[in-house]
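Chemist: Below is the structure I would like to discuss, written out as structure tokens.
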Amino acid sequence: MMRLTASILFTTCMIACASSSLPPAKVADTQSSISAAAAVGADQNPQAALHLKMARDQLSEAQSLIDSGKNDEARLVLERADADAEVALMITREAQASDGVKKTQADVDALQNQNQ
Amino acid sequence: MKLTDMICPLALALALGCASAGPTPELIDARRAYDEARQSNAATYSPDKLLSAKQALERAEAAHADSPGSFKEQSLAYVAQRKAQYASVFGTYEKDRRDQTEAEQAYRNKQDMLRRNAESQVTDAKKTLAATWDNLSSARREIASQQTQIQKSQADLNAEKEARAKAEQSAAAAMASLTKIAQVKEEQRGVVITLDGQVLFVTGKAELLPIARDRLNQVAKSLKDLDDDKLVSVEGYTDSRGADDMNLKLSQDRATAVRDYLLSQGVKPEKIRAIGRGEANPVASNDTPEGRANNRRVEIVVQSSAQAAASMSGSSRP
Chain L
266 MMRLTASILF
276 TTCMIACASS
286 SLPPAKVADT
296 QSSISAAAAV
306 GADQNPQAAL
316 HLKMARDQLS
326 EAQSLIDSGK
336 NDEARLVLER
346 ADADAEVALM
356 ITREAQASDG
366 VKKTQADVDA
376 LQNQNQ
Chain C
776 MKLTDMICPL
786 ALALALGCAS
796 AGPTPELIDA
806 RRAYDEARQS
816 NAATYSPDKL
826 LSAKQALERA
836 EAAHADSPGS
846 FKEQSLAYVA
856 QRKAQYASVF
866 GTYEKDRRDQ
876 TEAEQAYRNK
886 QDMLRRNAES
896 QVTDAKKTLA
906 ATWDNLSSAR
916 REIASQQTQI
926 QKSQADLNAE
936 KEARAKAEQS
946 AAAAMASLTK
956 IAQVKEEQRG
966 VVITLDGQVL
976 FVTGKAELLP
986 IARDRLNQVA
996 KSLKDLDDDK
1006 LVSVEGYTDS
1016 RGADDMNLKL
1026 SQDRATAVRD
1036 YLLSQGVKPE
1046 KIRAIGRGEA
1056 NPVASNDTPE
1066 GRANNRRVEI
1076 VVQSSAQAAA
1086 SMSGSSRP
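Right under this line is the structure:
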């Protein structure tokens, strides 16, 4: 019963919002988020690659929705894609930073050993 | 907090009378992810990202309240979950960067320490080297100065030997020339130079004849060349004719006259003494004119200090 109500409300909302246009910049923003993640090497990190894939899939899903005139849904899907792209980017950078710390600490240990 | 966060949306949902519409799985995930993010490094290192995650969750909760189970709720909850995840990873990333900075600082400190150690070792080594070099130099100077000293000592020794040889030579020469004018004998009391009284003095007097001066000049010459430790005693003798006391006085006067003359020729006064012995110690018989002539004499005795001491203590002589 409630779910039906929700569906009705949602549909109403969708109709109400159909007139609101989706700025093309929003798609471009998501694309650049994905590009940024790929640029730092997110495809090489399994966990980041998963999020990057989800971002790309959602971007194309959003594209389809836009093509179907479902701009509000598309907006939400783009937000998801954007969030995944950002997570992919941050996972990649964190892994790289973590490697850097390990390497530097190993260098410190090496110096320590050299000193002895 | 966790409980409150859980309760608020539930209360909201209840208030709206949506008891049958629970949160979507996405919203449940988002809530859990946000709780995890609050426990993570995000709280310390990326509070702004955590705030964004909170706001995203609030949007999702609002969507849930507005239209539970809606696509909007699902999507915003999905986004909220990712924002919470992002905040957690960002917190870890920020911590990594701080760790990196610290590790790099530790590396630089270590390097500095190693460099300072190496530098101080170099400095120490240089100091040691310089000190060793100084020691070596001063040792060399010491050796050089000792060598110079040795050479000088050697030279001094050679010069001294040469001087001694020369002195001995001239002493021998003087002694040799002396034997032409006087009788020279080596006796236990010393070297005895015997001068004939007749050649030296006017008969019965203590007055030197002119010819005596020539002879005494030669004697003086040889006495001057003597070593410092030698002593000279001039001893006057007479024959046995005449009174003893007269003879003793005459012999004393003559010895004194000879000594005074020798002093005038440069023999050192502290080395020479005059003794009158009268008619004592005759060297020949007083019964013949030749014997008496031999007994009238002046003996110049050259003694070492040891011989002088022996002749002073012993009153009688052979």
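Which chain is which? The protein sequence lines are L and C, in order.
In terms of the working numbering, the first sequence is residues 266 to 381.
In terms of the working numbering, the second sequence is residues 776 to 1093.
The beta-carbon is built from N, C-alpha and C at its ideal position, and this holds for glycine as well.
Quick one: give me the first and last residue of the beta strand (DSSP E) that D971 of chain C is part of.
Modeler: Unbroken beta strand (DSSP E) run through D971 of chain C: G965 to D971.
Chemist: Any beta carbon from chain L within less than 8 Å of S912 of chain C's own beta carbon?
Modeler: S912 of chain C does not count as touching chain L.
Chemist: Report the residues of the stretch 826 to 850 of chain C with a CB closer than 7 Å to any CB of chain L, ordered along the chain.
Modeler: Those residues of the stretch 826 to 850 of chain C that come within reach of chain L (Cβ to Cβ, closer than 7 Å) are S842, P843, G844, S845, F846, K847 and S850.
Chemist: Using the Cα positions of R873 of chain C and V292 of chain L, report the straight-line distance between them to the nearest angstrom.
Modeler: Each residue's Cα considered, the two are about 35 Å apart.
Chemist: Look at the Cβ atom of L341 of chain L, then the Cβ atom of F846 of chain C, and state whether they are nearer than 8 Å.
Modeler: Yes, they are a contact pair.
Chemist: Measure from the C-beta of Y820 of chain C to each C-beta in chain L and report whether the shortest distance is under 8 Å.
Modeler: Taking Cβ atoms only, chain L never reaches closer than 8 Å to Y820 of chain C, which makes this a no.
Chemist: For the putative contact between L1038 of chain C and I1050 of chain C, defined by C-beta atoms under 8 Å, what is the C-beta separation to the nearest angstrom?
Modeler: With 8 Å as the limit, L1038 of chain C and I1050 of chain C do not qualify as a contact, their Cβ atoms being about 15 Å apart.
Chemist: Measure from the C-beta of D372 of chain L to each C-beta in chain C and report whether the shortest distance is under 8 Å.
Modeler: It does; some Cβ of chain C falls within 8 Å.
Chemist: Among all the DSSP beta bridges, which residues are the ones paired with R1048 of chain C?
Modeler: Partner(s): C:S1008.
Chemist: Taking only the alpha-carbon atoms, compute the straight-line gap between R890 of chain C and L376 of chain L and give it to the nearest angstrom.
Modeler: Near 11 Å, if we compare the C-alpha coordinates of L376 of chain L and R890 of chain C.
Chemist: Where does E962 of chain C sit, in a helix, a strand or coil, going by DSSP?
Modeler: In the structure shown, E962 of chain C sits in a strand (DSSP, three-state: E or B).
Chemist: Quick one: using the 10 Å Cβ neighbour count with 16 as the cut-off for buried, is R834 of chain C buried or exposed?
Modeler: R834 of chain C should be labelled buried.
Chemist: In terms of DSSP beta bridges, what is R1072 of chain C paired with?
Modeler: R1072 of chain C pairs with C:D971 and C:Y1012.
Chemist: Return yes when the Cβ of L1001 of chain C is within less than 8 Å of the Cβ of S1080 of chain C, no when it is not.
Modeler: Not closer than 8 Å, so no.
Chemist: Would you kindly work out how many angstroms separate the C-alpha atoms of G1017 of chain C and D1003 of chain C, rounded to a whole number?
Modeler: Rounded to the nearest angstrom, the two C-alpha atoms are 39 Å apart.
Chemist: Quick one: measure Cβ to Cβ for S827 of chain C and G866 of chain C, integer angstroms, because I've assumed they're closer than 8 Å.
Modeler: S827 of chain C to G866 of chain C, Cβ: 12 Å. No contact.
Chemist: So which residues on chain C does Q356 of chain L lean against when the C-beta distance must stay under 8 Å?
Modeler: The sequence given here places Ile at residue 356 of chain L; Gln does not occur at that position. Within chain C, the residues near I356 of chain L are V864.
Chemist: Measure from the C-beta of Q377 of chain L to each C-beta in chain C and report whether the shortest distance is under 8 Å.
Modeler: Yes, Q377 of chain L lies at the interface with chain C (some Cβ there is under 8 Å from its Cβ).
Chemist: For Q926 of chain C, name the three-state secondary structure that DSSP assigns.
Modeler: Of the three classes helix, strand and coil, the one that applies to Q926 of chain C here is helix, per DSSP.
Chemist: My guess is that Q875 of chain C and V366 of chain L are in contact by the Cβ rule of under 8 Å, so how many angstroms apart are they, rounded?
Modeler: So it is a contact: roughly 5 Å between Cβ atoms.
Chemist: I need the straight-line Cα distance from A995 of chain C to G1041 of chain C, nearest angstrom please.
Modeler: C-alpha separation (whole angstroms): 7 Å.
Chemist: Could you run through the stretch 864 to 898 of chain C and flag, in chain order, every residue whose CB is less than 8 Å away from some CB of chain A?
Modeler: The structure shown has no chain A; the protein chains it does contain are L and C.
Chemist: Can you list the residues of chain C that S363 of chain L reaches, using a CB-CB cut of under 7 Å?
Modeler: The answer, in chain order, is D871.
Chemist: Between A362 of chain L and D804 of chain C, how many whole angstroms is the CB-CB distance? I'm expecting something under 8 Å.
Modeler: Contact doesn't hold; Cβ gap of about 26 Å is too wide.
Chemist: With a threshold of 7 Å on Cβ separation, who are the neighbours of S945 of chain C within its own chain once the five nearest residues in sequence on each side are excluded?
Modeler: Excluding sequence neighbours, S945 of chain C sits near D1000.
Chemist: Measuring only the C-alpha atoms, how far is A794 of chain C from A840 of chain C?
Modeler: Reliability of the predicted coordinates at A794 of chain C is poor, the pLDDT of 44 falling under 50, and the value obtained from them is presented with this limitation in mind. Going by the C-alpha atoms only, they are around 11 Å apart.
Chemist: Does any C-beta atom of chain L lie closer than 8 Å to the C-beta of R857 of chain C?
Modeler: It does: the Cβ of R857 of chain C has a partner Cβ on chain L nearer than 8 Å.
Chemist: With burial defined as no fewer than 16 other Cβ atoms inside 10 Å of the residue's Cβ, what is the status of A855 of chain C: buried or exposed?
Modeler: By the 10 Å Cβ count, A855 of chain C comes out buried.
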